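Going by UniProt numbering, the first residue of the sequence shown is number 1, and it counts up by one from there.
Ideal Cβ positions, reconstructed from N, Cα and C, are used throughout, including at glycine.
Predicted model only: the values in this text are computed from it and were never measured.
Below: the structure, in C-alpha cells.
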Amino acid sequence: MKAKILFLVLMLSCISNITAANAKLSSDERVLINYIDKHKKNQLKLLENLVNINSGTGNRPGVEKVGELVRTELDDLGFKTQWVNLPASMRHAGSLVARHSGPGKKILIIGHLDTVFPRNSPFQSFTLSSDQLSATGPGVIDDKGGVVTILYTLNALNHAGKLKHANITVVLTGDEEQAEKPTSISRNALKEAAQGSDIALGFEFSLAENQLVTRRRGLSEWYLSSSGKPGHSSTIFQTASGDGAIYETARVLNSFRTTLSNIPGLTLNPSIILGGQTVNEDTQQNTGSASGQKTIIAAQTLVHGDLRFLSDKQKCMAEQKMHEIMETSLPLTSSQLIFNNIMPAMLEKNENRQLLAELSDISVTLGGSSLQAVQTTERGGADISYIAQYAAASLDGLGPWGRGTHSQNETLEVKSLPEVTKRAAIFISRHLD
Ligand SMILES: [Zn+2]
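Below you can see the structure in the form of C-alpha cells.
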C-alpha cells in the first residue's frame with residue numbers, strides 16, 4: 001500500500017514537472033508543437049519517399065530528383081528556389097538554394113541531398129520496424145532525416161505565421177558525402193549563402209538524443225611519394241644501391257606515427273599504399289596498381305592519406321613536422337609530400353556554446369534531456385565546416401538521431417524526428433527578429 005502511495009506521489013510530481021515545463025512555452029510555441037505532432041505521420045511519409053529515391057553522390061539524376069521534391073515544398077512556403085550548378089567539368093549535382101528574404105536575423109540552414117549509397121547498392125529502401133519505433137534506409141538519418149526536419153520546422157513556422165518577416169536561407173548540397181574537388185569551387189554556393197549569417201544551423205544527424213556539434217575538425221589529404229634506385233635485390237643497402245623506395249616510405253610513415261600520434265585532436269591516416277617498379281593510383285575509382293619483381297629494389301612508392309586537425313595552427317604544425325621527417329631520406333632515396341586542403345576546421349566559439357545552451361533549455365522544457373557538445377574525435381567534417389567562419393554562431397547535428405550511418409544498418413529512431421523538429425522550430429522562432 002505504502003509503495004502504491006509513493007508511486008502516486010511520484011507520478012503526480014512528474015506530471016506537475018511536465019506542466020511546469022510546458023508553461024515556459026508561449027502560446028505561439030505551443031502552436032508550433034501542435035502542428036508538428038499533428039503532422040508527424042506526413043513527415044515520416046515524406047522521409048520514406050525521399051529515402052526510396054536513390055541519391056548516391058555519383059547518381060546526379062537521383063540527387064536532383066530528391067532536390068526537386070524538396071524544392072516544391074520550399075516553393076509552397078514562399079521561398080525563392082534555384083539550383084546552383086557546378087561548372088560543366090564537374091560531374092556532381094549542384095546545390096539547391098532557397099531564400100526567404102525579410103528584415104529578421106540572417107539564419108542559414110544546411111542539409112544535403114546525397115547519400116553514400118550508389119545506384120547499384122543493395123541497400124535501397126525505407127523499412128519501418130514492426131513496432132514502428134525505428135526505420136532503416138539509405139540516408140534515413142544522413143541526411144534525409146535532416147532534410148524533413150528542416151521542411152517541417154519551416155512548415156510549422158509558416159503555420160504559426162512566423163515566416164512573414166523571416167530572413168532564412170536554406171542550402172541543400174548535392175555532394176556532401178564526397179565533395180567534388182577542388183572544394184574551393186564546389187562549396188562556392190554554400191559560402192556565398194553563408195556570408196554575414198547571424199546563425200548557421202547544420203541538420204546533420206545526431207548519434208544520441210543529448211548530443212549536438214559545436215566544433216568539427218578540419219580535413220586535408222596528403223600524397224607521399226618516394227623513389228629509390230632500382231637494382232638487383234641482393235645489393236640492397238650497399239653504397240651503390242641504397243635502401244630502395246619502400247624502406248624509405250616505411251621510415252617516413254613510422255616517423256609520422258612516433259612523432260604525431262599523440263597530439264590531442266590531430267590524426268593522420270595513410271589509407272592507400274602502392275610500391276614497386278611502377279605505381280599508379282586512380283583517385284576517382286579509389287583503386288591503384290603496382291608492378292615489380294621480388295628480385296628488384298623498389299623504385300617507387302605512393303601513399304595517399306588524410307589529416308584531421310582542430311585548427312589551422314595545428315594543421316600547419318603537423319605539415320611542417322611531416323616535411324621535416326620527409327627530408328632526412330635514406331641512402332639513394334628521396335621523398336616528396338603534396339598537401340591538398342579539403343575542409344577547414346569548425347572552431348568552437350563561445351557563441352556556438354551559447355546556442356547549444358539555448359537548445360538544451362528548449363529540449364528540457366519539452367521533457368527531453370539536456371544537450372552536450374559531442375567530442376570532435378567522434379565525428380568527421382561536414383558542410384558546416386566550410387562556412388562556420390562566415391557566421392557569427394553555428395551549430396550542427398540538429399537532425400534526428402539514430403545509428404549505423406554509411407552502413408546498411410543506417411537506422412532512425414522514429415520518435416526523434418518530431419522531437420528535433422520541435423526543438424528547431426522553437427529555437428528558430430526565438431531568433432527570427
Ligand atoms: Zn551527412
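*Check: ALA382 C-beta below 8 Å from any heavy atom of ligand 1*: Stepping through the sequence shown from its first residue, residue 382 is reached at position 382. Checking every heavy atom of ligand 1 against the Cβ of ALA382, one is found closer than 8 Å.
_Could you check whether the Cβ of THR405 sits closer than 8 Å to any heavy atom belonging to ligand 1?_
In the sequence shown, residue 405 corresponds to position 405, counting from 1. Yes.
*How close, in whole Å, do the beta carbons of residue 438 and LEU77 come, if the pair is a contact with beta carbons under 8 Å?*
Given that the chain is displayed from residue 1 to residue 433, the structure contains no residue 438 and the question cannot be resolved.
*From the DSSP output, read off the bridge partner residues of LYS106.*
By one-based count along the sequence shown, residue 106 stands at place 106. According to DSSP, LYS106 shares a beta bridge with ASN167.
*Does DSSP put ASP142 in a helix, in a strand, or in coil?*
Counting from one through the sequence shown, the residue named residue 142 turns up at place 142. Here ASP142 sits in coil by DSSP.
*Between LEU47 and LYS144, is the Cβ-Cβ spacing less than 9 Å?*
The count along the sequence shown starts at 1 and reaches residue 47 at position 47. The count along the sequence shown starts at 1 and reaches residue 144 at position 144. Yes, Cβ-Cβ distance for LEU47 and LYS144 is below 9 Å.
*asked:* Between which residues of its own chain and PHE123 is the CB-CB distance below 8 Å, once the five residues before and five after are set aside?
replied: Stepping through the sequence shown from its first residue, residue 123 is reached at position 123. If we look at PHE123 and ignore the five residues flanking it on each side, its Cβ neighbours are PHE117, GLY137, PRO138, GLN408, GLU410.
*By a C-beta neighbour count over all protein chains shown, 10 Å radius and 16 as the cutoff for buried, is PRO87 buried or exposed?*
Position 87 of the sequence shown, counted from the start, is the residue given in the question as residue 87. Exposed.
*Counting along the chain, where does the alpha helix (DSSP H) carrying SER184 start and finish?*
Along the sequence shown, one-based indexing puts residue 184 at 184. Start and end: 183–186.
_Suppose you measure from the CA of ASP231 to the CA of SER335; what does that come to, to the nearest Å?_
Locating residue 231 in the sequence shown gives position 231, where the first residue counts as 1. Locating residue 335 in the sequence shown gives position 335, where the first residue counts as 1. Correcting the residue identity first, residue 231 is Gly in this sequence and not Asp. Approximately 18 Å between the Cα atoms of the pair.
_In DSSP terms, what ILE273 is bridged to_ = As a working mapping, residue 273 is identified with position 273 in the sequence shown. Paired residues: VAL303.
*asked:* Just to confirm, is the Cβ distance from GLY67 to LEU96 under 9 Å?
replied: Your numbering for residue 67 matches position 67 in the sequence shown. Your numbering for residue 96 matches position 96 in the sequence shown. Going by C-beta atoms, GLY67 is nearer than 9 Å to LEU96.
*Run through DSSP, which three-state label would SER130 get?*
To locate residue 130, count along the sequence shown from 1; it is residue 130. Reduced to three states, the DSSP call for SER130 is coil.
_Given ALA245 as reference, the closest of ILE185, LEU302, GLN178 once Cα atoms are compared_ = The sequence position of residue 245 within the sequence shown is 245, counting from 1. Cα-wise, what sits closest to ALA245 is LEU302.
*For the stretch 330–360, list the beta strand (DSSP E) runs that are entirely contained and at least 3 residues long, ordered along the chain.*
334–343
*asked:* To the nearest angstrom, how far is the alpha carbon of SER125 from that of GLY292?
replied: Within the sequence shown, the letter at position 125 stands for residue 125. Within the sequence shown, the letter at position 292 stands for residue 292. When rounded, the distance between both Cα atoms is 45 Å.
*Taking ASN280 as part of the alpha helix (DSSP H), name the residues at either end of that continuous run.*
Residue 280 sits at position 280 when you count from the first residue of the sequence shown. Unbroken run through ASN280 is the beta strand (DSSP E), 278–282; no alpha helix (DSSP H).
*Using a threshold of 9 Å, state whether the C-beta atoms of PRO418 and GLN132 are closer than that.*
By 1-based counting over the sequence shown, the position of residue 418 is 418. By 1-based counting over the sequence shown, the position of residue 132 is 132. No; because the gap between Cβ atoms is not below 9 Å, this pair is not in contact.
*Can the beta-carbon of PHE256 be found closer than 9 Å to that of LEU398?*
Working through the sequence shown from its first residue, we reach residue 256 at position 256. Working through the sequence shown from its first residue, we reach residue 398 at position 398. No.
*Nonlocal neighbours in the same chain, by C-beta distance under 7 Å from ASN17, ignoring five residues either side*: Walking along the sequence shown from the start, residue 17 turns up at place 17. Confidence in ASN17 is poor, its pLDDT being 49 and thus under 50, which makes the residue's placement too unreliable to answer from.
*asked:* What I want to know is whether the C-beta of HIS159 ends up closer than 8 Å to one or more non-hydrogen atoms of ligand 1.
replied: Counting from one through the sequence shown, the residue named residue 159 turns up at place 159. For ligand 1, not one heavy atom lies less than 8 Å from the Cβ of HIS159.
*State yes or no: is the C-beta of ASP198 nearer than 8 Å to some heavy atom of ligand 1?*
As a working mapping, residue 198 is identified with position 198 in the sequence shown. No; taking the cut-off as 8 Å, the Cβ of ASP198 has no heavy atom of ligand 1 nearer than that.
*asked:* Among LYS349, ILE296, VAL147, whose alpha-carbon lies nearest the alpha-carbon of VAL63?
replied: Taking the first residue of the sequence shown as position 1, residue 63 is located at position 63. Checked all of LYS349, ILE296, VAL147; the closest Cα to VAL63 is VAL147.
*In chain order, what residues of the same chain lie with their CB nearer than 8 Å to the CB of GLU221, ignoring the 5 residues before and after it?*
If you number the sequence shown from 1, residue 221 lands on position 221. These residues qualify, in order along the chain: HIS304, GLY305, ASP306, LEU307, PHE339, ASN340, ILE342.
_Cα-Cα separation, ARG430 to SER363_ = Locating residue 430 in the sequence shown gives position 430, counting from the first residue. Locating residue 363 in the sequence shown gives position 363, counting from the first residue. The straight-line gap from Cα to Cα measures roughly 14 Å.
*asked:* Pop quiz: GLY196 and LYS80 are said to be a contact at Cβ under 8 Å. What is the actual Cβ separation, rounded to whole angstroms?
replied: As a first step, residue 196 must be located in the sequence shown, where it is residue number 196. As a first step, residue 80 must be located in the sequence shown, where it is residue number 80. About 18 Å separates the two Cβ atoms, so there is no contact after all.
*Can you tell me whether SER394 is buried or exposed, with buried defined as 16 or more other CB within 10 angstroms of its CB?*
By 1-based counting over the sequence shown, the position of residue 394 is 394. Its Cβ being crowded by 16 or more others within 10 Å, SER394 is buried.
*Among residues of its own chain, excluding the 5 on either side of ILE331, which ones have a beta-carbon nearer than 7 Å to its beta-carbon?*
In the sequence shown, counting from the first residue as 1, residue 331 sits at position 331. According to the sequence shown, residue 331 is Pro rather than Ile. Apart from the 5 residues on each side of it in sequence, PRO331 sits with its Cβ closer than 7 Å to the Cβ of GLY242, ASP243 in its chain, given in chain order.
_I'd like to confirm something about PHE205: is its beta-carbon nearer than 8 Å to some heavy atom of ligand 1, or not?_
Sequence index remark: in the sequence shown, residue 205 carries index 205 (1-based). Relative to ligand 1, the nearest heavy atom lies less than 8 Å away from the CB of PHE205.
*Return the CA-CA distance between LYS294 and ARG251, expressed in angstroms with no decimal places.*
Counting from 1 along the sequence shown, the entry for residue 294 is found at position 294. Counting from 1 along the sequence shown, the entry for residue 251 is found at position 251. Distance between the alpha carbons of LYS294 and ARG251: 20 Å.
*asked:* According to DSSP, HIS232 sits in a beta bridge with which residue or residues?
replied: In the sequence shown, counting from the first residue as 1, residue 232 sits at position 232. DSSP, once it has assigned bridges, lists ILE296 as partnering HIS232.
*Roughly how many angstroms separate the alpha carbons of ASP175 and HIS112, rounded to a whole number?*
Along the sequence shown, one-based indexing puts residue 175 at 175. Along the sequence shown, one-based indexing puts residue 112 at 112. Distance between the alpha carbons of ASP175 and HIS112: 7 Å.
*Closer than 8 Å: is that where the CB of GLY402 sits relative to any heavy atom of ligand 1?*
Position 402 of the sequence shown holds residue 402. No.
_Boundaries of the beta strand (DSSP E) in which LEU96 is found, first to last residue_ = Against the sequence shown, residue 96 aligns to sequence position 96. Run containing LEU96: 95–100, per the beta strand (DSSP E) assignment.
*State the CB to CB distance for the pair ALA193 and LEU108, rounded to an integer number of angstroms; the pair is presumed to be in contact (CB under 8 Å).*
To locate residue 193, count along the sequence shown from 1; it is residue 193. To locate residue 108, count along the sequence shown from 1; it is residue 108. Contact flag correct, Cβ pair sits at about 6 Å.
*Please name the residue, chosen from PRO264, SER89, ILE272, that lies closest to GLU180 on a Cα-to-Cα basis.*
Position 180 of the sequence shown holds residue 180. With distances taken between Cα atoms, GLU180 lies closest to SER89.
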